[in-house]
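Visitor: Once you know that position 77 of the sequence shown is 445 in the numbering used here, the rest is easy, because the numbers rise by one and skip nothing.
Ideal placement from N, C-alpha and C gives every residue a C-beta, glycine not left out.
Submitted below is the structure of interest, expressed as C-alpha cells.
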Amino acid sequence: MTKSLANLRSRRWFTANDMRGFAHRQRIQQMGLRREDVLERPIIGIINTWSDLSPCHAHLRERADSVKRGVLLAGGMPFELPAMSLGEVMVKPTTMLYRNFLAMEVEELLRSLPIDGVVLLAGCDKTTPGTVMGALSAGLPMLFCPAGPMLSDRYLKRGEAARAVGAGTHTRMFWDEYQAGRIDDAEWTALESRMTRSPGTCNTMGTASTMTSIIEAMGLALPGSTAIPAMDAGHARLATDCGERIVQMIWEDLTPARILTKGSFHNAAVAQMALGGSTNAVVHLIALARRAGVDLRLDDLDAVSRQVPVLANLYPSGDRLMEDFHYAGGMPALLNRVREHLSLGEMTVTGKTLAENIAGRDSLDDEVIRPLGNPVSASGALAVLRGNLAPEGAVMKPSAASPRYFRHRGRALVFDSPAEMVQRCADPELDCDENTVLVLRNAGPVGAPGMPEWGGLPIPKKLLALGVRDMVRISDARMSGTHYGSCILHVSPESAVGGPLALVHNGDEIMVDVEARKLELVVDEAEMTKRRAALSVPPRAHQRGYIRLYQDHVTQAHEGCDFDFLQGPAATPEPLIF
369 MTKSLANLRS RRWFTANDMR GFAHRQRIQQ MGLRREDVLE RPIIGIINTW
419 SDLSPCHAHL RERADSVKRG VLLAGGMPFE LPAMSLGEVM VKPTTMLYRN
469 FLAMEVEELL RSLPIDGVVL LAGCDKTTPG TVMGALSAGL PMLFCPAGPM
519 LSDRYLKRGE AARAVGAGTH TRMFWDEYQA GRIDDAEWTA LESRMTRSPG
569 TCNTMGTAST MTSIIEAMGL ALPGSTAIPA MDAGHARLAT DCGERIVQMI
619 WEDLTPARIL TKGSFHNAAV AQMALGGSTN AVVHLIALAR RAGVDLRLDD
669 LDAVSRQVPV LANLYPSGDR LMEDFHYAGG MPALLNRVRE HLSLGEMTVT
719 GKTLAENIAG RDSLDDEVIR PLGNPVSASG ALAVLRGNLA PEGAVMKPSA
769 ASPRYFRHRG RALVFDSPAE MVQRCADPEL DCDENTVLVL RNAGPVGAPG
819 MPEWGGLPIP KKLLALGVRD MVRISDARMS GTHYGSCILH VSPESAVGGP
869 LALVHNGDEI MVDVEARKLE LVVDEAEMTK RRAALSVPPR AHQRGYIRLY
919 QDHVTQAHEG CDFDFLQGPA ATPEPLIF
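In C-alpha cells:
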C-alpha cells in the first residue's frame, strides 16, 4: 500500500488554484518558508508536550529539533505543535483528570491542520496514553517518540552497602523512614536535592515507563526506544530516526488501523506483566483499545497475568532501574524472553512484524531481564478482584505486595476524603493495627474528580513507629506505578456514583483472597439493602467548565475512564476547506 504526493492529505490545503489555496500558500511564505516546501513534501506534525513545569519533558524542545532534522533528511516538512503538558507531581488534583483533554487536543490539532503524519513527543504518565489516544482517533500515520527515563541515583551511607535509588518508589520509602524517625532533617533535605538528577521520566517501572514500553510492544514505537535514558546521546539520535521513519510511513500509508489488532493489544498486556508494570496501565490500555475498536476487558488482562511472570528486575517489584534495563537490551530483549506468549505476526511502525523486530535480541544481563525459570515474581503483576465490594472489578499488583495479605480478613477503617485520611493517620491514638483494612472512598473518576493517585494510603504513624510497612488498603483511586504495597485499587463502580464502597462502615469485616480473585464485604444482603436505601449521593461542586464536562461523560475505571462520546473507531468527517 503506497501513497503518492498527489494524494497526500495536506494537498487539500495547498494545491487548489483558488482564493483559499492562495491564502494558505501565502501564509506559509509569511513565515519565511518557500512555496515548494509545502507543495513538494509531506507535512509532518510534531506534537510536543514540553513545558517549563514538566521536568519529565524539560528536554523535549531539543528533541523536537532532532525530529525535524530527521524529517528534513527524509524529504518531509516538519511543523512543531505544542500540546498540553501533563507532568506528574505539579498538576493538581491529578493529571488523569486531563488525559482526555490532551487526547481531544491532539485529535483536533491533527484533524484541523494540514498534517500527513505525526511524531508524538511525550513520556510522562498521562501524556503517553493521551497523545496516542488522540492520534489513534485522528487516524494518520503516527510514531511515538518516548521522552526517556531520568538518570539513576545511588544511596551512599558510611557503613552500609550502596543501593540504587529511583524516583517515586524511594520517595515513599524514605518518607516512611522519616516519619518513623529513622532519617533526620538534614538527610531528608539532602535526599530531596539529588534523587531526581536530570530531565526525564521516573527511572523505575512506574506508569511512565510502563506505558512507553507497552506502546513499543504494541508496535507504535521504534524497537528499543523506550528504555534509552533521556540524557543519553542516543536519545537525540532516536528522535532523528523517528523523524526519518515517519516520512517513510506516510509513503507506505502505515496508519494505526493497519497496526492495532486484538493481537497487538495482547502483546501490550504480555509486556505489562513481564515488566511488573503499573496498575495504571489497565485503565489506559482499555481506553486505547476502545479507541481502536478492539474488545479488551479486565478479565483478558487478568488471564495474561496468570500466564506471564515478572521478568524485569525493576523497582518497585525488583531492585534495578531503567538505565540497567536499557543496558540489558530493553524491550526487544524482554519480549524475546516471552516470545512464546506473544502474537508475533503483528505489524509495527518499522514496516516489519514484531517477530522480525525482536529476532536475535537476547538479554545481556540475566539479573536485570530474568529467564523464565528465574522470575522476579511468579505471583504476577496484576490481579483483578471481584465480589460484592467490587462487582465490576478492582485491581492489585501482587508482585509489589506482601504475600501475607494475599488471604486476609480485617476490620475496616474508613476515610471519606484524603484530608481526613492524612489527619487521622497522624493521630497516635488511632484505633488500628497491622490487620486493619484501610478504606478510602470518594476518590474515583467522578468523585475526586479524576481518580487521583491516592490509593497508596499512608500507613498510620503509630504503626510506622512499630515497624509496620504494609497493610491492606482499598480505594476507588489509582496508585502511582512507582509505589508498592498491598493496595487494592480502581474499585468499580466508584462510591460517588453509588458503588458498594459507599456502603462500608467502620468495623465491618472485609475479606481478600488474591488467588481466588475475591473481594468481599462480610455484611449480609439485608443489611446491604438497608444501607443502600439510606445512601444519598452528594451534589457535585463543579457546575461549569471542563470538570463539569468530565464528570458528566467519564466512564468508570473498568471501562477505561475515557469520555463516552470519544470511544470507538468511527471516523469524523474531514474539515471543509472553502
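Exposed or buried, what is aspartate 932 when buried is set at 16 or more other beta-carbons lying within 10 Å of its beta-carbon?
Guide: Flag for aspartate 932 reads exposed.
Visitor: Determine the contact status of valine 859 and alanine 780, defining contact as a CB-CB distance below 8 Å.
Guide: No.
Visitor: How would you call aspartate 373, buried or exposed, if buried means at least 16 neighbouring beta carbons within 10 angstroms?
Guide: The identity of residue 373 in the sequence shown is leucine, whereas the question assumes aspartate. Leucine 373 comes out exposed.
Visitor: Over the uninterrupted beta strand (DSSP E) stretch that includes isoleucine 411, give me the two end residues.
Guide: Unbroken beta strand (DSSP E) run through isoleucine 411: 411–416.
Visitor: Among the residues of its own chain, which have a CB less than 7 Å from the CB of phenylalanine 469, if the five just before and after it don't count?
Guide: Excluding positions up to five away in sequence, the list reads Met452 and Tyr914.
Visitor: Is aspartate 386 buried or exposed, if buried means 16 or more other CB atoms sit within 10 Å of its CB?
Guide: By the neighbour-count rule (16 or more Cβ atoms within 10 Å), aspartate 386 is not buried but exposed.
Visitor: Using a Cβ-Cβ cutoff of less than 6 Å, which residues in the same chain neighbour tyrosine 523 once the five nearest sequence positions on both sides are dropped?
Guide: Same-chain partners within the cutoff: Arg531 and Val533.
Visitor: In angstroms, rounded to a whole number, what distance separates the CA positions of alanine 938 and lysine 830?
Guide: Rounded to the nearest angstrom, the two C-alpha atoms are 54 Å apart.
Visitor: In whole angstroms, what is the alpha-carbon distance linking glutamate 476 and arginine 841?
Guide: Straight-line Cα distance between these residues: approximately 40 Å.
Visitor: Can you give the Cα-Cα distance for arginine 738 and methionine 641, rounded to whole angstroms?
Guide: So the alpha carbons of these two residues sit roughly 13 Å apart.
Visitor: Comparing the C-beta of cysteine 570 with each C-beta of chain D, is any distance below 8 Å?
Guide: Note that chain D does not occur in the displayed structure, where there is just one protein chain.
Visitor: Given this structure, state the Cα-to-Cα distance separating arginine 338 from proline 684, to the nearest angstrom.
Guide: Since the displayed the chain opens at 369 and closes at 946, residue 338 lies outside it and no answer follows.
Visitor: Are there 16 or more other CB atoms within 10 angstroms of the CB of leucine 478, so buried, or fewer, so exposed?
Guide: Leucine 478 is buried by the Cβ-count criterion.
Visitor: My output table needs one value for cysteine 610: the three-state DSSP class, helix, strand or coil.
Guide: Of the three classes helix, strand and coil, the one that applies to cysteine 610 here is helix, per DSSP.
Visitor: Tell me, please, whether the segment 639–654 touches the segment 615–622 by the rule of three or more beta-carbon pairs shorter than 8 Å.
Guide: Short answer: they don't touch.
Visitor: What's the gap between the Cα of leucine 519 and the Cα of glutamine 911?
Guide: Cα-Cα distance, rounded: 43 Å.
Visitor: Would you kindly work out how many angstroms separate the C-alpha atoms of alanine 506 and threonine 572, rounded to a whole number?
Guide: Straight-line Cα distance between these residues: approximately 32 Å.
Visitor: Is the distance from the Cβ of proline 509 to the Cβ of methionine 617 below 8 Å?
Guide: In contact: proline 509 and methionine 617 (Cβ atoms closer than 8 Å).
Visitor: Which residue wins for smallest C-alpha separation from alanine 607, given the options Ser566, Pro868, Gly498 and Lys436?
Guide: Answer by Cα proximity: Lys436.
Visitor: Span of the beta strand (DSSP E) holding lysine 886?
Guide: Counting along the chain, the beta strand (DSSP E) containing lysine 886 begins and ends at 886–889.
Visitor: Do you know how far the Cα of asparagine 681 is from the Cα of asparagine 742?
Guide: Going from the Cα of asparagine 742 to the Cα of asparagine 681 covers about 11 Å.
Visitor: With DSSP as the reference, please indicate the residues paired to arginine 522 in a beta bridge.
Guide: DSSP, once it has assigned bridges, lists Ala532 as partnering arginine 522.
Visitor: Between the segment 485–493 and the segment 667–679, are three or more C-beta pairs nearer than 8 Å?
Guide: Touching, no, given that fewer than three Cβ pairs across the two stretches are closer than 8 Å.
Visitor: Return the residue from the list Ala558, Pro497, Gln547 and Arg379 that minimises the CA-CA distance to lysine 525.
Guide: Selected option, being the one with the closest Cα: Ala558.
Visitor: With DSSP as the reference, label leucine 732 as helix, strand or coil.
Guide: In the structure shown, leucine 732 sits in coil (DSSP, three-state: anything other than H, G, I, E or B).
Visitor: Can you give me the start and stop residues for the beta strand (DSSP E) that isoleucine 856 sits inside?
Guide: Segment 855–857, the beta strand (DSSP E) holding isoleucine 856.
Visitor: For serine 646, does the three-state DSSP call read helix, strand or coil?
Guide: If DSSP states are grouped into helix, strand and coil, serine 646 belongs with coil.
Visitor: Is tryptophan 822 buried or exposed, if buried means 16 or more other CB atoms sit within 10 Å of its CB?
Guide: Counting Cβ neighbours within 10 Å, tryptophan 822 comes out buried, since at least 16 surround it.
Visitor: Exposed or buried, glutamine 394, counting other C-beta atoms within 10 Å across all chains shown (16 or more means buried)?
Guide: Label assigned to glutamine 394: exposed.
Visitor: Is it true that the CB of threonine 383 sits closer than 8 Å to the CB of leucine 407?
Guide: Against a cut-off of 8 Å, the Cβ pair of threonine 383 and leucine 407 comes out as a contact.
Visitor: Going by DSSP, what residue range makes up the alpha helix (DSSP H) through aspartate 920?
Guide: Segment 913–921, the alpha helix (DSSP H) holding aspartate 920.
Visitor: Can you name the start and end residues of the alpha helix (DSSP H) that histidine 694 belongs to?
Guide: Here the alpha helix (DSSP H) through histidine 694 covers 690–696.
Visitor: By Cβ distance below 7 Å, which residues in the same chain neighbour alanine 426 in space, the five residues on each side in sequence not counted?
Guide: For alanine 426, where only same-chain residues beyond five positions count, the Cβ hits under 7 Å are Pro567.
Visitor: Taking the continuous beta strand (DSSP E) assigned at glutamate 448, which residues delimit it?
Guide: Residues 445–450.
Visitor: According to DSSP, simplified to helix, strand and coil, what is arginine 777?
Guide: Three-state result, arginine 777: strand.
Visitor: Which residues in the same chain have their Cβ closer than 6 Å to the Cβ of glutamate 448, if we skip the five residues on either side of it in sequence?
Guide: Closer than 6 Å at the Cβ level, and outside the excluded window around glutamate 448, lie Ile414, Asn416 and Ala432.
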